[in-house]
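These notes concern the structure reproduced below.
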Amino acid sequence: SLRIFPCISERCDALNKMRFLGSLKGARVLVTGASTGIGEQMAYRYARFGAQIVITARREHILHRVAEKCVSLGAQKVLYIAADLGSLLPSFVFAGGLDYLVLNHIGASPFATWDGDVEHTRWLMQVNFLSYLQMTSRALPSLEESRGSIVVVSSLLGKMSSPFVGPYAATKFALSGFFGSLRHEMTMRGSNVTITMCFLGLIDTQSAMEKVKGYTNTKAHPASEAALHIIKAGATRQWDTFYPWHLYYMILTGNLRYTKHTKPPTPVTQ
224 SLRIFPCISE RCDALNKMRF LGSLKGARVL VTGASTGIGE QMAYRYARFG
274 AQIVITARRE HILHRVAEKC VSLGAQKVLY IAADLGSLLP SFVFAGGLDY
324 LVLNHIGASP FATWDGDVEH TRWLMQVNFL SYLQMTSRAL PSLEESRGSI
374 VVVSSLLGKM SSPFVGPYAA TKFALSGFFG SLRHEMTMRG SNVTITMCFL
424 GLIDTQSAME KVKGYTNTKA HPASEAALHI IKAGATRQWD TFYPWHLYYM
474 ILTGNLRYTK HTKPPTPVTQ
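Under my numbering, the first residue of the sequence shown carries the number 224, and numbering increases by one thereafter.
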């Protein structure tokens with residue numbers, strides 16, 4: 224009989240999420256890094272909810288394929304823009320209004336000991352961090368008008384350090400620091416815009432699995448499920464979310480596991 228209360232709580236939580244997810248129909252969503260991996264899966268999920276979607280990435284031919292599938296899945300409208308997110312998107316992207324800005328793109332970075340390449344680290348900071356700030360700055364007027372949300376896709380490596388990912392982790396720590404501070408500032412001035420930080424573990428994208436092959440026994444989780452988790456968190460206006468959920472406890476205990484005595488990967492020249 225004591226179990227009835229958790230069950231009621233879980234049911235109410237599920238109903239609450241369904242109510243918010245229903246509001247995604249017709250929502251104006253911009254997803255960056257949407258040609259492959261988690262970004263691609265988010266585009267498909269938003270399409271199934273009947274959203275109006277703008278997707279961006281570098282490779283136009285792949286974006287075209289993703290856009291066509293989004294239409295077939297039920298998206299009300301789809302626009303794709305091939306762009307290097309190290310630079311600015313065209314102004315018209317933000318002119319039609321926006322409900323969700325989903326920042327997901329990343330630059331390529333080797334899984335290797337740092338070789339002292341400061342230029343690559345500077346470039347990675349531009350793509351993985353500064354471009355997020357640039358897009359946020361341009362999208363905020365539209366998001367304020369719509370009472371919208373900024374969804375930042377980050378990583379466990381933005382909360383805990385690990386070997387072989389120094390430059391990448393630095394960009395993710397930067398995201399945590401900046402958007403955490405911005406959230407406080409916006410709350411203080413009574414802004415209607417929500418910022419959701421999404422901290423992900425190892426996801427079974429092709430690029431991630433190729434990098435860590437032979438160096439970790441950590442279970443990889445499905446990109447499609449990670450995408451749905453992110454969308455739910457944004458739709459329910461959560462501040463922070465972790466996928467899988469046990470990452471939260473890993474952060475509390477500082478228990479980030481990797482293979483002991485692993486031979487460092489061979490550095491990759493960019």
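In this text, a Cβ means the ideal position worked out from N, Cα and C, and glycines have one as well.
Q. Nearest CA to the CA of Phe334: which residue from Tyr269, Leu326, Lys292 and Pro386?
A. Locating residue 334 in the sequence shown gives position 111, where the first residue counts as 1. Among Tyr269, Leu326, Lys292 and Pro386, the Cα nearest to that of Phe334 belongs to Pro386.
Q. Who does Leu423 pair with in a DSSP beta bridge?
A. Along the sequence shown, one-based indexing puts residue 423 at 200. DSSP lists Ser378 and Tyr466 as partners of Leu423.
Q | Exposed unless 16 or more other CB atoms sit within 10 angstroms - verdict on Val294 | A | Counting from one through the sequence shown, the residue named residue 294 turns up at place 71. Exposed.
Q | Delimiting residues of the alpha helix (DSSP H) encompassing Arg251 | A | Within the sequence shown, residue 251 is the residue found at index 28, counting from 1. From DSSP, Arg251 is part of no alpha helix (DSSP H) but of the beta strand (DSSP E) over Arg251 to Thr255.
Q: Whole angstroms is fine: what's the gap from Arg213's alpha carbon to Ser384's?
A: Because the chain spans 224 through 493 in this model, residue 213 falls outside it and cannot be assessed.
Q) Over what stretch of residues does the beta strand (DSSP E) that includes Gln512 continue unbroken? A) This structure cannot settle anything about residue 512, because the visible part of the chain is limited to 224 through 493.
Q. Considering only C-alpha positions, which residue in the set Lys382, Arg406, Leu405 and Gly403 is nearest to Phe396?
A. What you label residue 396 is simply residue 173 of the sequence shown in a count that begins at 1. It is Lys382 whose Cα lies nearest to the Cα of Phe396.
Q: Would you list, in sequence order, the uninterrupted beta strand (DSSP E) runs of no fewer than 3 residues that lie entirely inside the stretch 285 to 335?
A: 300 to 305 and 323 to 326
**Q.** At least three beta-carbon pairs within less than 8 Å, the stretch 337 to 357 to the stretch 263 to 279
**A.** no
Q) On the three-state DSSP scale, how would you describe Thr394? A) Locating residue 394 in the sequence shown gives position 171, where the first residue counts as 1. Three-state result, Thr394: helix.
Q) Are the beta-carbon atoms of Ser258 and Val289 separated by less than 8 Å? A) As a first step, residue 258 is located in the sequence shown; it is residue number 35 there, counting from the start. As a first step, residue 289 is located in the sequence shown; it is residue number 66 there, counting from the start. Contact flag set, yes.
Q) Which of helix, strand or coil does DSSP assign to Thr428? A) For the purposes of this step, residue 428 is taken as the residue at position 205 of the sequence shown. Correct three-state label for Thr428: coil.
**Q.** Environment of Ala318 [buried if 16+ CB atoms lie within 10 Å]
**A.** Counted from its first residue, the sequence shown places residue 318 at position 95. Ala318 should be labelled exposed.
Q.
Quick check: what's the CA-CA separation for Glu342 versus Pro390?
A. Residue 342 sits at position 119 when you count from the first residue of the sequence shown. Residue 390 sits at position 167 when you count from the first residue of the sequence shown. Distance between the alpha carbons of Glu342 and Pro390 is about 11 Å.
Q.
Just to confirm the assignment, what range does the alpha helix (DSSP H) spanning Arg346 have?
A. In the sequence shown, counting from the first residue as 1, residue 346 sits at position 123. Position check: residue 346 holds Trp in this sequence, whereas Arg was assumed. Here the alpha helix (DSSP H) through Trp346 covers Val341 to Met348.
Q. How many angstroms separate the CA atom of Val388 from the CA atom of Met409?
A. Taking the sequence shown and counting its residues from 1, one reaches residue 388 at position 165. Taking the sequence shown and counting its residues from 1, one reaches residue 409 at position 186. Cα to Cα, Val388 sits roughly 31 Å from Met409.
Q) When burial is assigned at 16 or more other CB atoms within 10 Å of the CB, is Asn327 buried or exposed? A) Mapped onto the sequence shown, residue 327 falls at position 104. When all chains shown are included, Asn327 counts as buried.
Q) Exposed or buried, Glu367, counting other C-beta atoms within 10 Å across all chains shown (16 or more means buried)? A) Taking the sequence shown and counting its residues from 1, the one referred to as residue 367 is at position 144. With fewer than 16 other Cβ atoms within 10 Å, it is exposed.
Q.
Given a cut-off of 8 Å on the beta-carbon distance, is the pair Leu451 and Arg268 in contact?
A. The residue given as residue 451 occupies position 228 in the sequence shown. The residue given as residue 268 occupies position 45 in the sequence shown. In contact: Leu451 and Arg268 (Cβ atoms closer than 8 Å).
Q) Based on Cα-Cα distance, which residue from Lys248, Tyr466 and Glu263 lies nearest to Leu425? A) Taking the first residue of the sequence shown as 1, we reach residue 425 at position 202. Cα-wise, what sits closest to Leu425 is Tyr466.
Q) Which class does Pro364 belong to by DSSP, given the choice of helix, strand or coil? A) Reading the sequence shown from its first residue, position 141 is the one you call residue 364. If DSSP states are grouped into helix, strand and coil, Pro364 belongs with the helices.
**Q.** Spatial distance of Leu379 from Leu423 (CA atoms)
**A.** Numbered from 1 along the sequence shown, position 156 holds the residue referred to as residue 379. Numbered from 1 along the sequence shown, position 200 holds the residue referred to as residue 423. Looking at the two C-alpha atoms, the distance is approximately 6 Å.
Q.
In this structure, how does DSSP classify Val491 when only helix, strand and coil are distinguished?
A. Reading the sequence shown from its first residue, position 268 is the one you call residue 491. Note that Val491 scores 40 on pLDDT, short of 50, meaning its location in the model is unreliable; the coordinates nonetheless yield the value given after this. Note: Val491 maps to coil in three-state DSSP.
Q: Please name the residue in Asp463, Ser365, Lys455 and Asp338 whose C-alpha comes closest to that of Phe245.
A: Residue numbering aside, residue 245 sits at position 22 when the sequence shown is read from its first letter. According to the sequence provided, residue 245 is Gly. The question's Phe does not apply to it. Closest option to Gly245, Cα to Cα, is Lys455.
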